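The numbers in the sequence shown follow full-length UniProt numbering, run straight up by one, and end at 182. Think of the CB as a built atom: it goes at the ideal place given N, C-alpha and C, for glycine as much as any other residue. Quantities reported herein were computed from a predicted structural model and do not represent experimental measurements.
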Amino acid sequence: MKSGMKLPSVTFHTRVRDESVGGPNPFRWEDKTTEDYFAGKRVILFSLPGAFTPTCSTYQLPGFEKGYGEFQDLGIDEIYCMSVNDSFVMNKWAEAQELKNVKVIPDGSGEFTRRMGMLVRKDNLGFGLRSWRYAAVINDGMIEAWFEEPGLSDNHPEDPYGVSSPETVKTYLTETSKEAAA
Numbered sequence: 001m002k003s004g005m006k007l008p009s010v011t012f013h014t015r016v017r018d019e020s021v022g023g024p025n026p027f028r029w030e031d032k033t034t035e036d037y038f039a040g041k042r043v044i045l046f047s048l049p050g051a052f053t054p055t056c057s058t059y060q061l062p063g064f065e066k067g068y069g070e071f072q073d074l075g076i077d078e079i080y081c082m083s084v085n086d087s088f089v090m091n092k093w094a095e096a097q098e099l100k101n102v103k104v105i106p107d108g109s110g111e112f113t114r115r116m117g118m119l120v121r122k123d124n125l126g127f128g129l130r131s132w133r134y135a136a137v138i139n140d141g142m143i144e145a146w147f148e149e150p151g152l153s154d155n156h157p158e159d160p161y162g163v164s165s166p167e168t169v170k171t172y173l174t175e176t177s178k179e180a181a182a
């Protein structure tokens with residue numbers, strides 16, 4: 001569906017650890033752009049409804065984290081997890097998940113998600129505006145492959161999961177690496 005599309009140019013407001021700040025919360029604001037994350041690299045981006053939610057915390061994020069080495073072997077430079085959550089929430093979730101490999105991107109205002117056509121209402125769960133679940137292989141800022149869960153809609157009664165799983169993305173990467181080798 002979105003394969004071949006260029007990612008929208010957006011600025012993300014992030015908090016990064018900086019020991020020179022001192023105190024109990026040694027972080028500073030740092031704006032990063034779409035280009036900072038995606039230019040000149042082949043990456044996996046996956047987006048989900050919310051940090052600390054069950055499917056995201058139990059299956060999707062841990063699967064990408066554990067499979068990081070295999071994804072690198074298949075030509076991936078980085079793996080990014082995005083959610084319509086602010087940087088404070090995303091950083092705390094990364095800490096709670098003990099992430100070493102997957103990097104989080106806070107889309108606090110939902111601007112990137114909206115421009116990707118993936119912003120949905122989840123008022124039925126008390127979430128407000130959030131991302132529909134998807135994954136993508138991004139090559140130098142262009143979508144190489146797109147994995148979107150079925151049923152994209154506001155206030156969907158379920159949270160489908162499978163199409164955007166680490167296993168599905170790994171299958172795609174394995175098949176394309178075999179084709180490239182042939």
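Cutting at 7 angstroms between CB atoms, please list the residues of its own chain near E111, excluding the five before and the five after it. V10
Give the DSSP bridge partners of Y134, in chain order. S47, E148
The beta strand (DSSP E) with S83 in it runs from where to where? Segment 78-83, the beta strand (DSSP E) holding S83.
Identify, in the order they occur along the chain, each residue of the same chain with its Cβ nearer than 6 angstroms to the Cβ of T113, setting aside the five sequence neighbours on each side. V84, D107, L119, S131
Minimum C-alpha distance to H156 - residue among R133, P8, E19: R133
Where the alpha helix (DSSP H) through L173 begins and ends: DSSP places L173 in the uninterrupted alpha helix (DSSP H) bounded by 166-181.
Would you list the one or two residues that DSSP bridges to R17? Looking at the DSSP assignment, R17 forms a beta bridge with F27.
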